[in-house]
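Participant: Under the working numbering, the first residue of the sequence shown carries the number 33, and numbering increases by one thereafter. Pasting in a structure now, in structure tokens, and then I'll have a few things to ask.
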Amino acid sequence: MKKTLHKDSSSLTLQDLNVLYFSKTKNEALPDNYTYSGSNTLKNKYGVKSFIRFVQKCEHDVVEAIINLRQEALPKKFDSSYLKYLHKRLFGNTFEWAGHTRDLPFKFEDGTVAVMSKIGSSSSIFSLAVGDKIKECLEKIDRILSEKNNLKGLSCKEFVNNAGEIFTFLINIHPFREGNELTQQIFFEKLAEAAGHKLDFSVVTKERMKCIYSDAIMLKGDVDNTTAVKHLFEDISNPEKVSILKEFINYRVRVNAASCNINNQIIVAPNEGDTYTGTYEADSPNSIMIKTTDFCVICYKDYFTPEQLRALKFGDKITFTAPITKNLDQILIPAEKLAPLTEEKIIERVVNNIYVQKSREEVEHLSKLVYGNSKILDQNLHLIHKNPEIGKQLAEQIENSPQSISNLAGFKIGVIKSPKRKIAEKNFFKLRQVIEKYVDTLESIKNKILKEHQVEQRRLGKAIKMPSEAVLNILNSPKDRWNESLEFSPSLREEFNSFMSKVVLRLSTREHKALNEADYKTLAESISISENRARIITKIFNKAKEICLEFREFQINRLKIMMIEN
């Protein structure tokens, strides 16, 4: 300090002058001077001591500042000076000390001096930069960014790793009394933009950011933890993950605005190749949420097979491994493994068939005539559903010994028979016949159901690949190029028709209706895919269909011209 006091004033830096200026008031500079006396509210330019009102006014000004900053040109150099500039721009309307780091004493207009060179007690397990270390650490970041050319020329993965490490280091510096989180976010958004990348912090919930800061702060005697920060940077730099997180968060807020606690949860996208185990908690049109022990993973519905999605119920335990996303781009409509029908399911479908029900009505009608009770054979019929052979045995039993089933309707005294008994004896052979007919109907309908199920299994079991690059080129070409492209390339025409045929055969009648009406929700639910995937299918198919119709009309018109000329 003595050497500093004897320096020539012309060679002193602004920081040196600040130290000299406040050297006399060092003992008066206190952390508590940042706040109003007897209050936790930070001193502010609004003069507002109510914490709630202060936060409201501050947030209003900060939102406006963010909009303006994002429209500003990128700086020529990314360093601690730019970090201070951002803090000044964000909080200049709120704090007198905006843009000033916490290690240097700051004199307020009321004459008090505040400084916070140390955060926490000496017994704290956390280690944040203290005193002169703040300046040293900021200078270290300046050197890193300078040596690495502001992280330019790096792949996305390399940028994530490097930016994550610097972000973590900056968290541990905590250069400002307040506003560090937002200032860092804007700084790294700009840094990413200059390096050819994009970061979107809007998909980071408050709870996740809180845990990021907690995990990133180094424990005394421990190394810093950058894993959580790098995961965050991967999520906010990957366009697909940003899209998944944003769609889920916005949907949950929209449909459950009153009780939505999405900001109180750690919401993450899965890392490719990692395995997660948790509970199926919530969903959106494109994603599902798996709640694990540590966080909530938002998984794209198309990560799962249709049969997995169809079977999922809220509260189910699930284990899944996040796939490599590039594999998803190869399939337009996924295959679905339709399980064989169980015996119970077959019986349910058979007995509910209209022809079986009509046949049963005949059995019950004749049972009433023969035995005086239309339900007398219900137990026998139930057994027949499981084993048709029992039906044949029952038919023979009724013909040979009808009374072994139950007493016939009416009565007989000697040779005298009541009218009901006469009707009963007249109809028990007919009862045998309708039972045989019932058995035949059962077997016929059962075979039909099994065949239809096999056809459905084959239909669903066919995956439709994304159209080839050549077909996609036609789909994306101007309308006046469609006919020319197909006319002069028979192989391309064949490929185009083959693709259309496969899609037509793969989809059900209900799904075709949804396609024609652009009903993404119905199509997604029917195929068990995301609505986003349903939108892609609809766009591709309807465009291809339009091209086919246009080309067909072109061929017809050309044929008419040829006939006229001949």
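C-beta: ideal position from N, C-alpha, C; glycine also. This one's a predicted model, so the numbers in the text were calculated from it and none came from an experiment.
Where are the alpha helix (DSSP H) runs, 4 residues long or more, that stay fully inside the stretch 211-293, in chain order?
Facilitator: 212-226, 238-248, 259-269, 271-287, all fully within the stretch 211-293.
Participant: Measure the Cβ-Cβ separation of F138 and N76 and say whether it is below 8 Å.
Facilitator: Residue 138 sits at position 106 when you count from the first residue of the sequence shown. Residue 76 sits at position 44 when you count from the first residue of the sequence shown. Not closer than 8 Å, so no.
Participant: Sort E213, S316, K189, F280 by Cα distance to K553 and report the nearest one.
Facilitator: Position 521 of the sequence shown, counted from the start, is the residue given in the question as residue 553. It is S316.
Participant: What are the uninterrupted segments assigned as beta strand (DSSP E) that are 3 or more residues long and contained completely in the stretch 331-401, given in chain order?
Facilitator: The qualifying runs are 349-353, 363-365.
Participant: Determine whether the beta carbon atoms of T215 and A248 lie at a separation below 8 Å.
Facilitator: Along the sequence shown, one-based indexing puts residue 215 at 183. Along the sequence shown, one-based indexing puts residue 248 at 216. Not closer than 8 Å, so no.
Participant: Rounded to whole angstroms, what is the Cα-Cα separation between K184 and L115?
Facilitator: As a first step, residue 184 is located in the sequence shown; it is residue number 152 there, counting from the start. As a first step, residue 115 is located in the sequence shown; it is residue number 83 there, counting from the start. Their backbone Cα atoms lie some 18 Å apart in a straight line.
Participant: Going by DSSP in three states, E313 sits in which element: helix, strand or coil?
Facilitator: Within the sequence shown, the letter at position 281 stands for residue 313. In this structure, E313 counts as strand in the three-state DSSP scheme.
Participant: Measure the CB-CB distance between P420 and E375 and report whether it falls below 8 Å.
Facilitator: Counting from one through the sequence shown, the residue named residue 420 turns up at place 388. Counting from one through the sequence shown, the residue named residue 375 turns up at place 343. No; because the gap between Cβ atoms is not below 8 Å, this pair is not in contact.
Participant: According to the Cβ coordinates, are C243 and I298 closer than 8 Å?
Facilitator: Numbered from its first residue, the sequence shown carries residue 243 at position 211. Numbered from its first residue, the sequence shown carries residue 298 at position 266. Yes.
Participant: Work out the CA separation of E141 and T57 for me, nearest whole Å.
Facilitator: For the purposes of this step, residue 57 is taken as the residue at position 25 of the sequence shown. For the purposes of this step, residue 141 is taken as the residue at position 109 of the sequence shown. Model confidence at T57 stands at a pLDDT of 46, short of 50, so the residue's coordinates are unreliable and nothing is read from them.
Participant: Figure out for me which residue from S246, Q217, Y78, L537 has the closest Cα to the Cα of Y235.
Facilitator: Within the sequence shown, residue 235 is the residue found at index 203, counting from 1. It should be noted that the sequence gives Val, not Tyr, for residue 235. It is Q217 whose Cα lies nearest to the Cα of V235.
Participant: Which class does I572 belong to by DSSP, given the choice of helix, strand or coil?
Facilitator: Position 540 of the sequence shown holds residue 572. Three-state DSSP puts I572 in a helix.
Participant: With a CB to CB cut of under 6 Å and the five nearest residues on each side skipped, what residues in its chain are close to T307?
Facilitator: The residue given as residue 307 occupies position 275 in the sequence shown. Excluding residues within five positions, the ones whose Cβ falls inside 6 Å are T353.
Participant: What did DSSP end up calling F138 once you bin it into helix, strand or coil?
Facilitator: Looking up residue 138 in the sequence shown gives position 106. DSSP places F138 in strand when its eight states are reduced to three.
Participant: Measure the alpha-carbon distance for F110 versus C169 and round it to whole angstroms.
Facilitator: Taking the first residue of the sequence shown as position 1, residue 110 is located at position 78. Taking the first residue of the sequence shown as position 1, residue 169 is located at position 137. So the alpha carbons of these two residues sit roughly 15 Å apart.
Participant: Between L547 and F573, how many whole angstroms is the CB-CB distance? I'm expecting something under 8 Å.
Facilitator: Here the question's residue 547 lines up with position 515 in the sequence shown. Here the question's residue 573 lines up with position 541 in the sequence shown. Contact holds; Cβ gap of about 6 Å.
Participant: Given a threshold of 16 other Cβ atoms within 10 Å of its Cβ, counted over all protein chains shown, does T351 qualify as buried or as exposed?
Facilitator: By one-based count along the sequence shown, residue 351 stands at place 319. Looking at its Cβ environment, which holds fewer than 16 other Cβ atoms inside 10 Å, T351 is exposed.
Participant: Whose C-beta lies closer than 7 Å to the C-beta of H229 among residues of the same chain, with five residues either side of it excluded?
Facilitator: In the sequence shown, residue 229 corresponds to position 197, counting from 1. Correct list, in chain order: C188, F191, S269.
Participant: Over the uninterrupted beta strand (DSSP E) stretch that includes P323, give me the two end residues.
Facilitator: Sequence index remark: in the sequence shown, residue 323 carries index 291 (1-based). Reading the sequence as shown, one finds Lys at residue 323 and not Pro. That run of the beta strand (DSSP E) goes 319-323.
Participant: Nearest to C90 by alpha carbon, out of S71, L118, Y66, G124?
Facilitator: For the purposes of this step, residue 90 is taken as residue 58 along the sequence shown, with counting starting at 1. Looking at the Cα atoms, G124 is the closest of the given residues.
Participant: Thinking just about the alpha-carbon of each residue, which of E225, H417, K444, I588 is nearest to the one in K377?
Facilitator: For the purposes of this step, residue 377 is identified with residue 345 of the sequence shown, where counting begins at 1. Minimum Cα distance to K377 is reached at H417.
Participant: Would you kindly check if the distance between the Cβ of Y470 and the Cβ of G404 is under 8 Å?
Facilitator: Position 372 of the sequence shown, counted from the first residue, corresponds to residue 404. Position 438 of the sequence shown, counted from the first residue, corresponds to residue 470. For G404 and Y470, no; Cβs fall outside 8 Å.
Participant: Are E519 and V503 touching if we call contact CB-CB under 8 Å?
Facilitator: To locate residue 519, count along the sequence shown from 1; it is residue 487. To locate residue 503, count along the sequence shown from 1; it is residue 471. Not closer than 8 Å, so no.
Participant: If we ignore side chains and look at the alpha-carbon of each, how far apart do Y66 and V274 end up?
Facilitator: Here residue 66 is taken as the residue at index 34 of the sequence shown, counted from 1. Here residue 274 is taken as the residue at index 242 of the sequence shown, counted from 1. Answer to the nearest angstrom: the Cα atoms are 37 Å apart.
Participant: From what residue to what residue does the alpha helix (DSSP H) around Y470 run?
Facilitator: In the sequence shown, residue 470 corresponds to position 438, counting from 1. Its alpha helix (DSSP H) spans residues 451-492.
Participant: Comparing C-alpha positions only, which one of S246, P271, E272 sits nearest to A260?
Facilitator: Numbered from its first residue, the sequence shown carries residue 260 at position 228. That would be S246, whose Cα lies nearest to the Cα of A260.
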